[in-house]
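Since the structure comes first, as structure tokens, the remarks are kept for the end.
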Amino acid sequence: SSSPSFFLPKKAPFDMMDNYWTKKSEVKLYVRRVLVAEKFEELLPRYLNFVRGVVDSDDLPLNVSREQLQQNKIMKVISKKLVRKTLELLKKLAKDESSEEEDEEGEEKEASKEGDKKDDEETPWQKFYKEFAKNLKMGCYEDDSNRSKISKLLRFATTKSDGKEISLDQYLDNMKDNQESIYYMAGESKEVLEKSPSLQIFQKKGIEVLTLTDHLDESCIQKLADYEGKKFVSIQKADIKLEETEEEKKRFEKIKDMYKPLTDWWKEKLTDLTEKGALKDSGVKVESVQLSKRLVDSPCVVVTSQFGYSAHQEKIMRAQAFQNKDQLNMMAGRKTLEINPNHPVVHDLLEKIKQDKENSQAVDTATVLFQTAMIESGYDISDPSVLVKKVYAMMSKEIGVDPNAPMKEIEVPEEEEEAEDTADAEDEDDADETESDSKKEEL
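As numbered in our numbering, residues 813 to 1255 make up the sequence shown, in order.
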């Protein structure tokens, strides 16, 4: 038997994640009240290394070395019990938060009289989660046997949570009746994500989406795969399936046939651009160009394949000091350009290529649209000079200047130079006169 006493610190050590792989557990091991080890790493897994406490066991032998203790079967049993006890402690803390929220909802009238101070106060669980959220996400990634328990402790902001982080259970309660998946998107900040073209149809239909802004969030969600039978689906990837009526499906198929000349032509031009043209060294591979069901206002959006890196993951991987470029290009996935058939620019492109497939203006527009969609969707374009030249040329045409006009050195008119010289001479004469007058006064 073992009798553990555990404590959760209020603040995380400043170097907690820096020393994550080397830091040992802060739990002391006693055998029959005799201290055996100050820090015994085998007691708790890495992601729980912030827990403080003591464990006293009657079942372990005293007269053995530390190495033999590590191999002891009883140690493994004790370790499992300690992890279970710690997660139960965290679950209780999180449960207290949800019960407090229910009490607050029932006493809204009384709270409004007292003021809005309580709204700003953090619950004990919120304070804990703020400090140790990364540990729980790492546990979700590393601990296969306890992943389902840890997933109930996780909190994420959503498009409808007004900046507050909610549990996955709360998300399920808010889900629409016909919704089959838990939708999420990842990016640098909530403000950037809310402007994403991929989100437009979900906002229109009123579907809640998890907004993942922490670097560990997306890997954690992908490791979970599903929650309570509902699969996690990234809205930034291809093959998004939304609820549609039979009429909407038939209409979409008709529009698809109408735009087939444009999608085929666009795919051909982008293949030339990425394999032979200006973007051949960028590593971007285009899978297809197709009509989008997710766009409402934007002309186009770039999404990646189902099993490739998202834009946010690509940025994280590119920032690694020891990144493997070949592996990164392989995992980046092939890109799909989705276009909005209702957008006037896209419709104009269709009309132009029907008349002339080699229309230079249409080719330039298609190229710029693809590259700007890459940027708006969060992807990096390795060589922005091509896009910049196209934008400069379009700006020149807009203001009526020939984009191919040669540079001219500006000539300064001679009259202006002479006027400046005479003005300088007059200033010098005035200065001399004032000096001579002052000398006479002194005399």
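For each residue, glycine too, the CB sits at the ideal point set by N, CA and C.
Between the CA atoms of residue j and residue i - distance to the nearest angstrom
| i | j | result |
| --- | --- | --- |
| Lys930 | Met1142 | For Lys930, the predicted structure reports a pLDDT of 48, less than 50, and the residue's modelled location is therefore unreliable. The matter cannot be settled from this model. |
| Asp1093 | Ala998 | 26 Å |
| Thr1057 | Thr970 | 27 Å |
| Lys1289 | Lys946 | This structure cannot speak to residue 1289, because the chain is shown only from 813 to 1255. |
| Gly975 | Ala1174 | 42 Å |
| Ser1100 | Thr898 | 49 Å |
| Ser1189 | Lys1127 | 12 Å |
| Leu1149 | Ile1019 | 23 Å |
| His1155 | Pro1111 | 5 Å |
| Met887 | Ser979 | 33 Å |
| Ala849 | Met950 | 26 Å |
| Gly1095 | Lys1061 | 35 Å |
| Val895 | Pro857 | 8 Å |
| Ser1117 | Val1157 | 26 Å |
| Trp1078 | Ile1033 | 34 Å |
| Lys893 | Thr1184 | 54 Å |
| Arg1063 | Asp1069 | 10 Å |
| Leu1199 | Ile1193 | 9 Å |
| Ile1013 | Leu1074 | 23 Å |
| Lys1097 | Glu1065 | 26 Å |
| Asp1214 | Tyr1204 | 11 Å |
| Leu1172 | Ile1222 | One point to set straight first is that residue 1172 is Ser, not Leu, in the sequence displayed. So the two alpha carbons sit approximately 32 Å from each other. |
Supposed close pair residue i, residue j - CB separation, criterion 8 Å
| i | j | result |
| --- | --- | --- |
| Ser815 | Gly865 | The Cβ separation is near 11 Å, so there is no contact. |
| Tyr1071 | Leu1022 | In fact, because the Cβ distance is near 32 Å, the residues do not count as touching under 8 Å. |
| Val1108 | Lys1016 | 6 Å |
| Trp937 | Asp956 | Incorrect: roughly 25 Å between the Cβ atoms, too far for contact. |
| Val863 | Glu838 | 7 Å |
| Ser1010 | Ser1122 | About 10 Å separates the two Cβ atoms, so there is no contact after all. |
| Gln1048 | Val1004 | About 12 Å; that fails the 8 Å criterion. |
| Leu1091 | Pro1153 | The Cβ separation is near 25 Å, so there is no contact. |
| Phe968 | Glu954 | Contact flag wrong, Cβ pair sits at about 19 Å. |
| Lys903 | Lys964 | 7 Å |
| Lys1105 | Leu1054 | 6 Å |
Which residues DSSP lists as bridging residue i, in chain order
| i | result |
| --- | --- |
| Lys835 | DSSP, once it has assigned bridges, lists no residue as partnering Lys835. |
| Pro936 | DSSP lists no partner for Pro936. |
| Leu1149 | Val1101 and Val1114 |
| Phe968 | Ile978 |
| Leu1022 | Thr970 and Tyr996 |
| Ala1174 | DSSP output for Ala1174 lists no bridge partner at all. |
| Lys840 | Val866 |
| Val1045 | Tyr995 |
Of the listed residues the options, nearest to residue i (C-alpha basis)
| i | options | result |
| --- | --- | --- |
| His1124 | Leu1024, Val1180 and Val846 | Leu1024 |
| Lys851 | Lys836, Leu820 and Lys961 | Lys836 |
| Pro873 | Leu860, Asn861 and Arg844 | Arg844 |
| Val889 | Asn990, Glu854 and Met829 | Glu854 |
| Lys840 | Lys1088, Phe819, Pro1196 and Leu1036 | Phe819 |
| Leu905 | Leu1054, Phe940 and Asn884 | Phe940 |
| Leu860 | Lys1088, Asn958, Val846 and Glu1170 | Asn958 |
CB contact check: residue i to chain B, cutoff 8 Å
| i | result |
| --- | --- |
| Met1219 | Absence of chain B from the displayed structure is noted, only one protein chain being present. |
The region 1078-1086 / the region 1163-1179 touching (three or more Cβ pairs under 8 Å): yes
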